[in-house]
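Enquirer:
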Amino acid sequence: MGKKKEGVFDVRKKIGYLFSMFAVIVVLISGCGGAGDSKDDTFVVGMEAGYAPFNWTQSTDANGAVKIDGSADYAGGYDVALAQKVADGLGKKLVIVKTEWDGLIPALTSGKIDAVMAGMSPTDERRQSIDFSENYYKSHLVLVVKKGGAYDQATSLQDFSGAKITAQLNTFHYSVIDQMPGVVKETAMDNFSSMRVALQSGVIDGYISELPEGITAEAANNSFKMIELEDGFQTAEEDTDTAVGLVKNSALKADVNQILAEISEEERADLMEAAIKNQPAETDTEDDADSGTVIDAKDSSLSFAWIVKIVSENGPMFLRGAGVTLLIALVGTIIGTLIGLLIGVIRTIPKPDSKVKRTLLKIINSLLSIYIEIFRGTPMIVQAMVIYYGSALAFGVDMNRLFAAIFIVSINTGAYMSEIVRGGILSIDKGQFEAAHAIGMNHLQTMKNVVLPQVMRNILPATGNEFVINIKDTSVLNVISVTELYFQTKSVAGNNFRYFESFFVACVIYFIMTFTVTRILRAIEKRLDGPENYVVIQNQMQVQAVENTVKREED
Amino acid sequence: MEKIIEVKHLSKKFGTHEVLKDIDFTVNKGEVVCVIGSSGSGKSTLLRCVNLLEKLTGGTILYQGDDIMKDTHNVEEYRKHLGMVFQQFNLFNNHDVLSNCMVGQIKVLKRTKEEAEQTALEYLNLVGMAQYIHAKPSQLSGGQKQRVAIARALSMNPDVMLFDEPTSALDPEMVGEVLKVMKDLANLGLTMLVVTHEMGFAKEVANRVVFMDQGVIVEEGTPEEIFNHPKEERTKAFLKRTLD
Ligand SMILES: Nc1ncnc2c1ncn2[C@@H]1O[C@H](COP(=O)(O)OP(=O)(O)O)[C@@H](O)[C@H]1O
Ligand SMILES: [Mg+2]
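These protein sequences, in sequence, are chains A and B. Going by the UniProt record's numbering, the first residue of the first sequence is number 1, and it counts up by one from there. Going by the UniProt record's numbering, the first residue of the second sequence is number 1, and it counts up by one from there.
1) With C-beta atoms as the reference, is A/A506 less than 9 Å away from A/Y486?
2) To which residues of the same chain is B/M156 closer than 8 Å at the C-beta, ignoring the five residues directly before and after it?
3) Which residues bound the alpha helix (DSSP H) around B/T222?
4) Identify every residue that forms a DSSP beta bridge with B/R208.
5) For the beta strand (DSSP E) containing B/M161, name the first residue and the last one.
6) Return the residue from the list A/Y371, A/S110, A/V256 and A/D41 that minimises the CA-CA distance to A/I391.
7) Please check if any C-beta of chain A sits within less than 9 Å of the C-beta of B/D96.
8) Would you identify the three-state DSSP class for A/T348, choosing helix, strand or coil?
9) Does the Cβ of B/F14 have 16 or more other Cβ atoms within 10 Å, making it buried, or fewer, making it exposed?
10) Could you work out which residues of chain B lie near A/V450, taking near to mean beta carbons separated by less than 9 Å?
11) Kindly examine ligand 2 and report whether one of its heavy atoms sits closer than 8 Å to the Cβ of B/K136.
12) A/A462 touches chain B at which residues, Cβ-Cβ below 9 Å?
13) Return the chain-ordered ranges of every alpha helix (DSSP H) run that is complete within the stretch 403-473 of chain A and spans a minimum of 4 residues.
14) Could you check what DSSP says for B/H17 in three-state terms: helix, strand or coil?
15) So what does DSSP say about A/E48, is it helix, strand or coil?
16) Indicate the three-state DSSP secondary structure (helix, strand or coil) for A/M385 in the structure shown.
17) Starting from the N-terminal end, write out each residue whose C-beta falls within a distance shorter than 5 Å of any non-hydrogen atom of ligand 1.
18) Beta carbons nearer than 8 Å to chain B: which residues of the stretch 473-504 of chain A have them?
19) Flag B/D213 as yes when its Cβ comes closer than 8 Å to any non-hydrogen atom of ligand 2, and as no otherwise.
20) If you run the structure through DSSP and keep just helix, strand and coil, what is A/D88?
21) With a threshold of 7 Å on Cβ separation, who are the neighbours of B/V75 within its own chain once the five nearest residues in sequence on each side are excluded?
22) What does DSSP give as the partner residues of B/T26 in its beta bridges?
23) Under three-state DSSP, which class holds A/I165?
24) If you follow the alpha helix (DSSP H) that A/Y136 is in, where does it begin and where does it stop?
25) Decide if A/D178 is buried, meaning its Cβ has at least 16 other Cβ atoms within 10 Å, or exposed.
26) Going straight from the alpha carbon of B/K8 to that of B/G58, what length do you get?
27) Please list the residues of the stretch 46-70 of chain B that have a C-beta atom closer than 9 Å to any C-beta atom in chain A, keeping them in chain order.
28) In three-state DSSP terms, what is A/Y151?
29) Drop a sphere of 10 angstroms on the beta-carbon of B/N187, count the other beta-carbons inside from all chains shown, and report buried for 16 or more, exposed for fewer.
30) Note down, in chain order, every chain B residue with its Cβ under 8 Å from the Cβ of A/P350.
31) Could one say the Cβ of B/I5 lies closer than 9 Å to chain A's Cβ atoms, at least one of them?
32) Could you please give the first and the last residue of the uninterrupted alpha helix (DSSP H) stretch that includes B/K180?
33) Measuring alpha carbon to alpha carbon, tell me which residue in A/M47, A/L477 and A/A274 is nearest A/I381.
34) Any Cβ of chain A within less than 9 Å of the Cβ of B/L10?
35) Report back the beta-carbon spacing between A/V97 and A/V44 to the nearest angstrom; my notes put them in contact at under 8 Å.
36) Return helix, strand or coil for A/F19, following the three-state DSSP convention.
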């Protein structure tokens, strides 16, 4: 009998697979989380890896580039070269952690990194929270403007009257704009990449930078011009210095200073020159010969050839980013849905008779409401900062970034899903509960065997929606330096200065991911609904004698 | 006669609305008891109180002499002994016909899959639905659904079957197939408590008929006594209304 058995058992098996898959993923993640380097024999340095020639991201280890922790890419540049020297001097292994500019100091104070070497100047303001080594590079301020524009012949601060000028957020570059008479001070920007885009598009007329970055910008984009002023900005000595950021009273400080003192001025100049020469945008322009399409990399117009070039050169980087995005979104959605189901079940437990149980349930329900309200009521980008850096500051937990990302997406999704699940449970006909109770099932059995399977089918579209939203929203996790697609794209664009083309590639990848996921979910929905027709069993079943039935009845 | 269910001084209020007032009655083993009465008289509520889908406001229920309202008594344990058939069928929408009849056996009675399937097929066969084991509830007619619902309840091998107007939601041409199944069950000696509007069925099958009105039992007796020689005015009025 029953050659073809469908129903509960099949669904159970499917869920079983899902769980085991999930378990594997969790093990993998905790695996990378657990592989914590023993802090003693490593020198962990934080940098943006996006501020050439001080530091940048590249895909090979050419020119002494060092592998970026938790990523398949490499960091190169002046900072990396110096960091390597310091690490060698300390007798430790150099580990590079790629971190947003604004995340560098929190990362240092929360113990996630040992030092900041990111072209950072030892300002008084920063000295209040961290310590600095001696100077390891000295520069001066310049302006970057559009070539052929109204300001490309400027020689003094006065010549910029009427210009829209900006600089990087939280740097002294931004405050010296006040020394320029008559300029329009635009909102500060997060990074140089954004400023270059803004300059290219004409949103600003110029931005303030330092010598190495200015040379780089000019070299990378032939519509940019660097202006060095004869009678320039008044700056404090410390502002144009670059030093190693360390935690207050760091035991490393004396050693670091000692090592830096041994590096001569000429050697520093040589290293900077090499960095300017080796930065990715410059080398790219030289080896076009073998890429088949001859493109002028300095040509600032949009071009399809550029997109081809970006994809062929950075394909693996994009794919890895897409993989991480998909992993975070998938695991986050699954865990979030499980959280949602669990909370949905708890929130629909009927009022128990016993007073103690009733109070307990009430407390649990209010806690769950608080959780839901908080996570639905705050932006994920803010939660990411609070959870990632907060956990380190408050509890000394050094969370693996990927783990933190999945954690954040999961609890966020959980908060949304629990409301969706609750709605789904309330929409199930009361008769389903009564029939289940009438055959002796308790609340849990009723939920598991009768209600939740129906709820899951009903909320599948909403879950799919959540998944698609998660694929897109993981991009905000770049603030905690998770190497997802957006973060990777920013790195690519930061190296080649082709913002439109790089983000266009990301755009296509995002769309392919969400579109594919949507289609797959449709197909799953269809499968779950089963065939529209059933097969009537034709060959007559062996008819049980009615007497048999009676006998069972009387047992 | 062996008493299976004894209802004692049962009362039920929804808020201030007293729907059942001091009900006393008994179901004996092997008996078919039919409850009749006009709509809103409290028949469904009585049945739902018997299997504790509604909380009692007062009184108690003895199951085989055991007070099920005692704190120590487990509701789920008690419900295993009762099979319930609803007016609206309430088949599990996420299960096909066969697994509707198996899931309770496996999860509640802890039977193996093989045992459960064997039992389910026996009863699906009995109600004439064995051909449809792979159909989903939404693919069945009302009469077919109700027969599956009966098979589902029987698969749990209950001591008593409760029916709440099992044919009231059916198109007239399907009433017969369900009543036939119920008659078969009665002939098999099953203990049944049936709320019904089918006077013909009550006359033919019931050992005892209970007439309810406005939350009280007005009169009870054999079908002969109730249908042919009713004592109470309310009973006479009800029968006159329904049989005409
Ligand atoms: N859940 C409920 N809440 C409030 N009143 C109810 C509820 N269920 C039934 N009643 C009321 O109880 C009375 C008896 O209903 P019911 O037992 O369904 O009658 P019957 O089955 O005899 O038609 C009706 O007046 C009905 O409105
Ligand atoms: Mg009713």
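For each residue, glycine too, the CB sits at the ideal point set by N, CA and C. Since we're looking at a predicted model, the values are computed, not measured.
Expert: Reading off the structure:
1) To locate residue 506 of chain A, count along the first sequence from 1; it is residue 506. To locate residue 486 of chain A, count along the first sequence from 1; it is residue 486. Closer than 9 Å, so yes.
2) For the purposes of this step, residue 156 of chain B is taken as residue 156 along the second sequence, with counting starting at 1. The residues are K80, G83, G104, Q105, V108 and L109.
3) Residue numbering aside, residue 222 of chain B sits at position 222 when the second sequence is read from its first letter. Note, B/T222: premise wrong, no alpha helix (DSSP H); not H, not E.
4) As a working note, residue 208 of chain B is residue 208 in the second sequence. Per DSSP, B/V33.
5) Position 161 of the second sequence, counted from the first residue, corresponds to residue 161 of chain B. From DSSP, the beta strand (DSSP E) with B/M161 extends over V160 to D164.
6) By one-based count along the first sequence, residue 391 of chain A stands at place 391. Per the sequence shown, the amino acid found at residue 391 of chain A is Ser instead of Ile. Measuring from the Cα of A/S391, the nearest candidate turns out to be A/S110.
7) Along the second sequence, one-based indexing puts residue 96 of chain B at 96. Yes - at least one Cβ of chain A is within 9 Å of the one on B/D96.
8) Along the first sequence, read from residue 1 onward, the residue named residue 348 of chain A stands at position 348. Coil.
9) Numbered from its first residue, the second sequence carries residue 14 of chain B at position 14. Classification for B/F14: exposed.
10) Position 450 of the first sequence holds residue 450 of chain A. Per Cβ cutoff of 9 Å: F92, N93, N94, H95 and V103.
11) The sequence position of residue 136 of chain B within the second sequence is 136, counting from 1. Outside the cutoff, so no.
12) Numbered from 1 along the first sequence, position 462 holds the residue referred to as residue 462 of chain A. Under the 9 Å cutoff, chain B gives no residues; its nearest Cβ is about 18 Å from A/A462.
13) 430-438, 443-446 and 452-473
14) Stepping through the second sequence from its first residue, residue 17 of chain B is reached at position 17. In this structure, B/H17 counts as strand in the three-state DSSP scheme.
15) Within the first sequence, the letter at position 48 stands for residue 48 of chain A. Coil, per DSSP.
16) In the first sequence, the residue the question calls residue 385 of chain A occupies position 385. Reduced to three states, the DSSP call for A/M385 is helix.
17) B/F14, B/V19, B/S39, B/G40, B/S41, B/G42, B/K43, B/S44 and B/T45
18) none
19) In the second sequence, residue 213 of chain B corresponds to position 213, counting from 1. No, since every heavy atom of ligand 2 falls outside the 8 Å radius drawn around the Cβ of B/D213.
20) The residue labelled residue 88 of chain A in the question sits at position 88 within the first sequence. Helix at A/D88.
21) Position 75 of the second sequence, counted from the start, is the residue given in the question as residue 75 of chain B. Cβ within range, chain order: L52.
22) Translated into the one-based positions of the second sequence, residue 26 of chain B becomes position 26. Partner(s): B/E6.
23) Along the first sequence, read from residue 1 onward, the residue named residue 165 of chain A stands at position 165. Strand at A/I165.
24) Along the first sequence, read from residue 1 onward, the residue named residue 136 of chain A stands at position 136. Where A/Y136 is concerned, there is no enclosing alpha helix (DSSP H), although the beta strand (DSSP E) it sits in stretches over D131 to K138.
25) As a first step, residue 178 of chain A is located in the first sequence; it is residue number 178 there, counting from the start. With fewer than 16 other Cβ atoms within 10 Å, it is exposed.
26) Position 8 of the second sequence, counted from the start, is the residue given in the question as residue 8 of chain B. Position 58 of the second sequence, counted from the start, is the residue given in the question as residue 58 of chain B. Going by the C-alpha atoms only, they are around 9 Å apart.
27) R48, N51, L52, L53 and K55
28) By one-based count along the first sequence, residue 151 of chain A stands at place 151. If DSSP states are grouped into helix, strand and coil, A/Y151 belongs with coil.
29) Mapped onto the second sequence, residue 187 of chain B falls at position 187. With fewer than 16 Cβ atoms within 10 Å of its Cβ, B/N187 is classed as exposed.
30) As a first step, residue 350 of chain A must be located in the first sequence, where it is residue number 350. Under the 8 Å cutoff, chain B gives no residues; its nearest Cβ is about 11 Å from A/P350.
31) Counted from its first residue, the second sequence places residue 5 of chain B at position 5. Not closer than 9 Å to any Cβ of chain A, the Cβ of B/I5 fails to qualify, so no.
32) Residue 180 of chain B sits at position 180 when you count from the first residue of the second sequence. Per DSSP, B/K180 belongs to the alpha helix (DSSP H) from P172 to N187.
33) Counted from its first residue, the first sequence places residue 381 of chain A at position 381. A/I381 has its Cα closest to that of A/L477, out of A/M47, A/L477 and A/A274.
34) On the second sequence, position 10 is the one that residue 10 of chain B refers to. No, no contact with chain A.
35) Your numbering for residue 97 of chain A matches position 97 in the first sequence. Your numbering for residue 44 of chain A matches position 44 in the first sequence. At roughly 6 Å, the Cβ-Cβ gap stays under 8 Å, so A/V97 and A/V44 are in contact.
36) In the first sequence, the residue the question calls residue 19 of chain A occupies position 19. For A/F19, the predicted structure reports a pLDDT of 48, less than 50, and the residue's modelled location is therefore unreliable. The matter cannot be settled from this model.
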